[in-house]
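Student:
Numbering (this note's numbering), first residue to last: 2 to 235.
1) In the structure shown, what three-state DSSP assignment does residue 116 receive?
2) Compute the beta-carbon to beta-carbon distance between residue 29 and residue 90, rounded to the nearest angstrom, for a pair I have assumed lies under 8 Å.
3) Per DSSP, residue 22 is paired with what?
4) Name the one or two DSSP bridge partners that residue 172 has.
5) In the DSSP assignment, the beta strand (DSSP E) including residue 140 goes from what residue to what residue?
6) If residue 172 and residue 14 are in contact, beta carbons under 8 Å, what's the gap, nearest whole angstrom?
7) At the level of alpha carbons, what is the spacing between residue 54 and residue 83?
8) Give the range of the alpha helix (DSSP H) segment to which residue 130 is assigned.
9) Provide the residue span of the alpha helix (DSSP H) that contains residue 65, from first to last.
10) Under three-state DSSP, which class holds residue 149?
11) Checking 8 Å against the spacing of the C-beta atoms, do residue 69 and residue 93 come in under that value?
12) Exposed or buried, residue 131, counting other C-beta atoms within 10 Å across all chains shown (16 or more means buried)?
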């Protein structure tokens, strides 16, 4: 079943767990946190921390990394120690293998943009990944000082694209940061399974498991199947 994108000019993508695989970086940071907790006598394996992180994400915690330690200790000194021990290894992030091929197929049909919560330097990282040439607009929280789910970041991207909300689709993995704020900005989104332009819901109808974070985009194959349906001969 092809995704209906009639009248759509722009596709805006999130980055983490949508185009970029953050698993290795996340596990690296959790491993550092586990080691730091052990130094303070707290047994919290990397797997246990990962489970707590997933639980925080499932309840739409606005700062799941920041608050995951509270599942293991309420000692503010310990929490401060762990947070100051190590760093998030962003260099371990990498595009999903399907990402470049998908974007190459889409760029001739749609104008593509980024709306993402990322630290400064998103444009440079996209260039290092070999993806920057696909995007005409890149709006990143670290560069503009506005973060999702604030609808202002969506409106800024639409303004830069000179695009009406109804002419764009937001593709992301989180209900709280991508789907709900996109709805408030009047972009088509993945919150309503009956909507013709609900990208995430379209994948759900193909049998993907419905999850709070809509991680159906963790593997881009469903996205490519939907958007490129009927194009097998290319």
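Note that beta-carbon positions come from the ideal geometry of N, C-alpha and C, so glycine has one too.
For clarity, every value in this text was computed on a predicted model and none was experimentally measured.
Tutor: Per the coordinate set shown:
1) strand
2) With a contact defined as Cβ atoms closer than 8 Å, residue 29 and residue 90 qualify at about 4 Å.
3) 95
4) 14
5) 138 to 141
6) 5 Å
7) 15 Å
8) 123 to 130
9) 65 to 68
10) coil
11) Note that the C-beta distance between residue 69 and residue 93 is not below 8 Å.
12) exposed
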